[in-house]
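A short write-up of the structure that comes next.
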Ligand SMILES: Nc1ncnc2c1ncn2[C@@H]1O[C@H](COP(=O)(O)OP(=O)(O)OP(=O)(O)O)[C@@H](O)[C@H]1O
Ligand SMILES: [Mg+2]
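Chains as they are written, first to last, in the working numbering: chain W, 1 to 215; chain D, 1 to 260.
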């Protein structure tokens, strides 16, 4: 029999564990945005070396599962003498991984801008820095918003993987809860509801932002 | 208006890889006059026009704006610095077939942007001059509209305002009415005629033979990267000596009914 009481009781501890889920995914995307801009600039730059490094970065991070990246980072850091809490290692790894996808999102958005806009700016004597700042980036940010929100939602779900480095986030917490209550169905259903609620909120936030920034 | 400039092109050659897009093109664009470039598709009209403000790099020859070489430090020498090129481009306005407005800015911002960021005017002054330019093209009441909220003809007029606000000494037009619905062509041509009447040097690539015949002071005909002939509209349209021009006009007449 499905126990409504167990289902409802599970919410409090699970919601508490979800703070790690949110922390890892939100800090991860923030870090990913910053590194992503740099990687994107490298991939679009005139320097062959920079383009090569950017391409390598993207293909490695997209080609290796996040789970493996987390484990690599977790065991690599002590070897090279860096001692940080697992949570920091997790956030950094998620951020680095996200940067690969985000840089491609930026690159796609910039590539989708009609080239004529840049030519029109050049034709009145505008310099490259001003063109980037005033013409290209403002539009690229708006155009990439839906894809960035999508990326954030993917990260929320992927954040369950950080449990391998010992962080008790939502999925790991529900496993523990299921084991102690012997009520896996109720507990996992509660976890599913929390994931769904988080992601619906993020999607709504994204739509609001898109609407606010619509061209 | 600021002094209208002349453009002198001497033996321009341009290659795309092995393909030669311009062959020894020499053309004098007199100051304060309208010169129309006509010719079949792919003949190199846009390429030649875009060489004038060095959006396209020419490989050999010289292009001088009022005697000043554009693109290179010396003929056949090194590329000129980006800064110097930008200075020269300020004096050369350009209007594109696809308008190329910046969609995230209002009509006013589109026009004021260059005044503020390139000419360095204070915001208020830039906007005042932008308003005046938009008034001039008959869009004084549309300053707050984004391009998406303007008709094609209105967008092209904003693009013209954006160019003339910089007070250029030459204006380049690349098929300014080709992307427009037929009923919107007139309003753009009217603005161009007004500009011509004010004594602006204009180089216009066009498939509007009516405009070329009635407004141009000179018409130049291109084919396969070569300048076949240049002369008055009467010389080119009424009794062209070159067989290629006759063939071009004949096929044009077949597609469009128009009288010179
Ligand atoms: N970036 C490019 N790379 C290679 N070839 C090009 C490039 N741009 C133009 N060409 C070629 O150069 C030739 C001249 O092109 P251009 O655009 O100047 O012609 P056009 O006279 O303006 O034609 P249209 O009336 O169709 O606009 C064409 O054969 C074209 O295919
Ligand atoms: Mg063309």
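Virtual Cβ for every residue (Gly too), placed ideally from N, Cα, C.
Contact set between residue i and chain W, taken where Cβ atoms lie within less than 9 Å
{"i": "residue 131 of chain D", "result": "None at all; the shortest Cβ gap to chain W is about 18 Å."}
{"i": "residue 98 of chain D", "result": "114, 116"}
{"i": "residue 114 of chain D", "result": "121, 124, 125, 126"}
{"i": "residue 37 of chain D", "result": "What residue 37 of chain D touches in chain W: nothing, since even the nearest Cβ is about 17 Å away."}
{"i": "residue 55 of chain D", "result": "119, 122, 123"}
Delimiting residues of the alpha helix (DSSP H) encompassing residue i
{"i": "residue 53 of chain W", "result": "48 to 63"}
{"i": "residue 188 of chain W", "result": "184 to 213"}
{"i": "residue 272 of chain D", "result": "A query on residue 272 of chain D cannot be resolved here, the shown segment of chain D reaching from 1 to 260 and no further."}
{"i": "residue 112 of chain W", "result": "86 to 112"}
{"i": "residue 140 of chain W", "result": "137 to 158"}
{"i": "residue 29 of chain W", "result": "4 to 44"}
{"i": "residue 56 of chain D", "result": "No alpha helix (DSSP H) contains residue 56 of chain D, which DSSP labels as neither H nor E."}
{"i": "residue 158 of chain D", "result": "152 to 165"}
{"i": "residue 119 of chain W", "result": "115 to 123"}
{"i": "residue 176 of chain W", "result": "170 to 181"}
Given residue i as reference, the closest of the options once Cα atoms are compared
{"i": "residue 138 of chain D", "options": "D:212, D:195, D:72, D:53", "result": "D:195"}
{"i": "residue 284 of chain W", "options": "W:158, W:170, W:17", "result": "Because residue 284 of chain W is not part of the residues shown, which for chain W are 1 to 215, the question remains open."}
{"i": "residue 203 of chain D", "options": "D:95, D:69, D:18", "result": "D:95"}
{"i": "residue 25 of chain D", "options": "D:229, D:19, D:243", "result": "D:229"}
{"i": "residue 99 of chain D", "options": "D:180, D:3, D:189", "result": "D:180"}
{"i": "residue 110 of chain W", "options": "W:137, W:172, W:174", "result": "W:137"}
{"i": "residue 211 of chain W", "options": "W:154, W:142, W:167, W:174", "result": "W:142"}
{"i": "residue 105 of chain W", "options": "W:203, W:174, W:62", "result": "W:62"}
{"i": "residue 5 of chain D", "options": "D:55, D:65, D:198", "result": "D:65"}
{"i": "residue 97 of chain D", "options": "D:234, D:152, D:255", "result": "D:152"}
{"i": "residue 3 of chain D", "options": "D:209, D:206, D:248, D:199", "result": "D:199"}
{"i": "residue 77 of chain D", "options": "D:86, D:87, D:57", "result": "D:57"}
{"i": "residue 126 of chain D", "options": "D:161, D:248, D:87, D:253", "result": "D:161"}
{"i": "residue 29 of chain D", "options": "D:248, D:111, D:21, D:232", "result": "D:232"}
{"i": "residue 37 of chain W", "options": "W:79, W:101, W:131, W:48", "result": "W:101"}
{"i": "residue 254 of chain D", "options": "D:209, D:106, D:234", "result": "D:209"}
{"i": "residue 211 of chain D", "options": "D:193, D:197, D:201", "result": "D:193"}
{"i": "residue 176 of chain W", "options": "W:204, W:13, W:66", "result": "W:13"}
{"i": "residue 56 of chain W", "options": "W:82, W:99, W:151", "result": "W:99"}
Residue interval of the beta strand (DSSP E) (run including residue i)
{"i": "residue 136 of chain D", "result": "Careful: residue 136 of chain D lies outside any beta strand (DSSP E), inside the alpha helix (DSSP H) at 123 to 136."}
{"i": "residue 26 of chain D", "result": "19 to 29"}
{"i": "residue 181 of chain D", "result": "Note, residue 181 of chain D: premise wrong, no beta strand (DSSP E); not H, not E."}
{"i": "residue 33 of chain D", "result": "Taken as a continuous stretch (DSSP letters only), residue 33 of chain D belongs to no beta strand (DSSP E), as it is neither H nor E."}
{"i": "residue 198 of chain D", "result": "Where residue 198 of chain D is concerned, there is no enclosing beta strand (DSSP E), given that its DSSP letter is neither H nor E."}
{"i": "residue 7 of chain D", "result": "7 to 16"}
{"i": "residue 210 of chain D", "result": "Taken as a continuous stretch (DSSP letters only), residue 210 of chain D belongs to no beta strand (DSSP E), being part of the alpha helix (DSSP H) at 209 to 215."}
{"i": "residue 231 of chain D", "result": "226 to 231"}
{"i": "residue 105 of chain D", "result": "Counting along the chain, residue 105 of chain D falls outside any beta strand (DSSP E), and DSSP gives it neither H nor E."}
{"i": "residue 96 of chain D", "result": "From DSSP, residue 96 of chain D is part of no beta strand (DSSP E); its letter is neither H nor E."}
{"i": "residue 234 of chain D", "result": "Counting along the chain, residue 234 of chain D falls outside any beta strand (DSSP E), and DSSP gives it neither H nor E."}
Contacting residues, own chain, Cβ-Cβ under 8 Å from residue i (five flanking each side not counted)
{"i": "residue 91 of chain W", "result": "23, 24, 27, 28, 31"}
{"i": "residue 246 of chain D", "result": "240"}
{"i": "residue 242 of chain D", "result": "221, 228, 229"}
{"i": "residue 172 of chain W", "result": "17, 160, 163"}
Nonlocal neighbours in the same chain, by C-beta distance under 7 Å from residue i, ignoring five residues either side
{"i": "residue 42 of chain W", "result": "50, 51, 53, 54"}
{"i": "residue 168 of chain D", "result": "91, 92, 93"}
{"i": "residue 135 of chain W", "result": "117, 118, 121"}
{"i": "residue 163 of chain D", "result": "93, 94, 95, 171"}
{"i": "residue 40 of chain W", "result": "103, 106, 107"}
{"i": "residue 77 of chain W", "result": "84, 89"}
Residues that residue i contacts on chain W, provided the C-beta gap is smaller than 8 Å
{"i": "residue 145 of chain D", "result": "Residues of chain W passing the Cβ test: none, with the nearest at roughly 13 Å."}
{"i": "residue 89 of chain D", "result": "122, 123, 124, 125"}
{"i": "residue 166 of chain D", "result": "124, 125"}
Listed by chain order, chain D residues near residue i by CB distance under 7 Å
{"i": "residue 135 of chain W", "result": "102"}
{"i": "residue 130 of chain W", "result": "117"}
Cβ shell of residue i (< 6 Å), same chain only, five flanking positions each side left out
{"i": "residue 217 of chain D", "result": "33, 34"}
{"i": "residue 23 of chain D", "result": "225, 226"}
{"i": "residue 206 of chain W", "result": "149"}
{"i": "residue 21 of chain W", "result": "159, 169, 170"}
{"i": "residue 114 of chain D", "result": "166"}
Beta-carbon neighbours of residue i, restricted to chain W and to distances below 7 Å
{"i": "residue 118 of chain D", "result": "124, 125, 126"}
{"i": "residue 86 of chain D", "result": "125, 127"}
{"i": "residue 94 of chain D", "result": "123"}
Residues that residue i contacts on chain D, provided the C-beta gap is smaller than 8 Å
{"i": "residue 138 of chain W", "result": "104"}
Residue-level contact to chain A via CB, residue i, 8 Å cutoff
{"i": "residue 192 of chain D", "result": "Here chain A cannot be found, since the structure's protein chains are W and D."}
Measuring CB atoms only, is the region 217 to 224 of chain D touching the region 35 to 48 of chain D, in the sense that at least three cross pairs come out at less than 8 Å?
yes
Sufficient close CB pairs (3 or more, under 8 Å) joining the region 9 to 26 of chain D to the region 60 to 72 of chain D
yes
Cβ contact (3+ pairs, closer than 8 Å) linking the region 40 to 54 of chain D and the region 64 to 84 of chain D:
yes
Counting Cβ pairs closer than 8 Å, one from the region 181 to 197 of chain W and one from the region 90 to 106 of chain W, do we hit at least three?
no
Would you be able to state if there are at least three C-beta pairs under 8 Å between the region 173 to 190 of chain D and the region 145 to 160 of chain D?
yes
Taking 8 Å as the cut-off, does the region 154 to 173 of chain W touch the region 77 to 87 of chain W (at least 3 CB pairs, one atom from each stretch)?
yes
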